[in-house]
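K.L.:
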Amino acid sequence: MLRNPIHLRLERLQTWHHLTFMVSLCERMYPNYQIFCQKTKFGDPVIYRRILDLVWHVLLMKNIKINFDTQLEKLENYIPSSEGYDLYAVYPAIDACIALGELIHSLLSGQTLEFCIAISQTSIRTVAMLEMTKMGREMTRDELKVLPAIVAEWDVQWEIFRLLAGCGNHDLNLIKGLRYDLREAAISNIGVYLAT
0 MLRNPIHLRL ERLQTWHHLT FMVSLCERMY PNYQIFCQKT KFGDPVIYRR ILDLVWHVLL
60 MKNIKINFDT QLEKLENYIP SSEGYDLYAV YPAIDACIAL GELIHSLLSG QTLEFCIAIS
120 QTSIRTVAML EMTKMGREMT RDELKVLPAI VAEWDVQWEI FRLLAGCGNH DLNLIKGLRY
180 DLREAAISNI GVYLAT
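The sequence shown lines up with residues 0 to 195 when you count with numbering that gives the first Met the number 0.
(1) Could you tell me if Ala-139 is buried or exposed, where buried requires 16 or more neighbouring beta carbons within 10 angstroms of its beta carbon?
(2) Determine whether the beta carbon atoms of Ser-122 and Asn-188 lie at a separation below 7 angstroms.
(3) What is the C-beta distance between Met-21 and Ile-118, in whole angstroms, given that I count them as a contact (C-beta under 8 angstroms)?
(4) Three or more C-beta pairs under 8 angstroms: does that hold for the region 33-49 against the region 162-174?
(5) Does the beta-carbon distance from Glu-130 to Ala-148 come in below 7 angstroms?
(6) Going by CA-CA distance only, name the one from Val-155, Arg-161, Leu-146 and Gly-165 that's closest to Arg-27.
(7) Quick check: the region 63-76 against the region 5-15, are there 3 or more CB pairs under 8 angstroms?
(8) Using the C-alpha atoms, what's the distance from Leu-9 back to Asp-85?
(9) Hey, how far is the Cα of Leu-99 from the Cα of Leu-51?
(10) Determine the direct distance from the alpha carbon of Leu-107 to that of Gln-33, and round the result to whole angstroms.
(11) List the residues that DSSP assigns as beta-bridge partners of Ile-186.
(12) On the criterion of 16 or more Cβ atoms from any shown chain inside 10 Å, does Gly-176 qualify as buried, or is it exposed?
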């Protein structure tokens, strides 16, 4: 899978940085899941949205208690199977669910770095798979890493990283700003746009 120096840099960040990075990437993958649900009538984007909101709340409020075991069970009931659909949109939707599942596992385990890297790679994989599907062939790492869509995804991840790395303390305004900007943009890592 495509690697990037950002994965080494993430080691320097604190837990709240990692969680904010992860929920930001999941927020960007949410439109992929929502559009799949709209097209197929499978799943429930409200469940995905609610879990994202709970994670943002954890970052923004002190001493909030949420049963993420229950949230994980809810999510697992709404993950599509690639075998059930002859529709490309199922793959980005599955990746979106995988990423959100990793985020919940991170909250449950208290381990953040490995899940942070995993979600970063999942988001890049979604982009890479779409690009290879468009091309109709497998591509090498060297071919993939120069594609504009891959470069753009790394640029967004770096932008989020830099914002977080610039704040040593748990910065509520930064977290609120990121959440607002990502929701306002309403565009996914593969360019799926949610009209509001």
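C-beta atoms are modelled at their ideal positions from N, C-alpha and C, and glycine is treated no differently.
P.N.:
Let me spell this out:
(1) By one-based count along the sequence shown, residue 139 stands at place 140. For the record, residue 139 in the displayed sequence is Thr; it is not Ala. Exposed is the call here.
(2) In the sequence shown, counting from the first residue as 1, residue 122 sits at position 123. In the sequence shown, counting from the first residue as 1, residue 188 sits at position 189. Yes, Cβ-Cβ distance for Ser-122 and Asn-188 is below 7 angstroms.
(3) Taking the first residue of the sequence shown as 1, we reach residue 21 at position 22. Taking the first residue of the sequence shown as 1, we reach residue 118 at position 119. Contact flag correct, Cβ pair sits at about 5 angstroms.
(4) no
(5) As a working note, residue 130 is residue 131 in the sequence shown. As a working note, residue 148 is residue 149 in the sequence shown. Cβ atoms of Glu-130 and Ala-148: closer than 7 angstroms.
(6) For the purposes of this step, residue 27 is taken as the residue at position 28 of the sequence shown. Here the closest residue by C-alpha is Val-155.
(7) no
(8) Sequence index remark: in the sequence shown, residue 85 carries index 86 (1-based). Sequence index remark: in the sequence shown, residue 9 carries index 10 (1-based). Between Asp-85 and Leu-9, the C-alpha separation is close to 37 angstroms.
(9) For the purposes of this step, residue 99 is taken as residue 100 along the sequence shown, with counting starting at 1. For the purposes of this step, residue 51 is taken as residue 52 along the sequence shown, with counting starting at 1. Near 8 angstroms, if we compare the C-alpha coordinates of Leu-51 and Leu-99.
(10) Position 34 of the sequence shown holds residue 33. Position 108 of the sequence shown holds residue 107. Answer to the nearest angstrom: the Cα atoms are 25 angstroms apart.
(11) The residue you call residue 186 lines up with position 187 of the sequence shown. DSSP lists Tyr-192 as partners of Ile-186.
(12) Walking along the sequence shown from the start, residue 176 turns up at place 177. That one is exposed.
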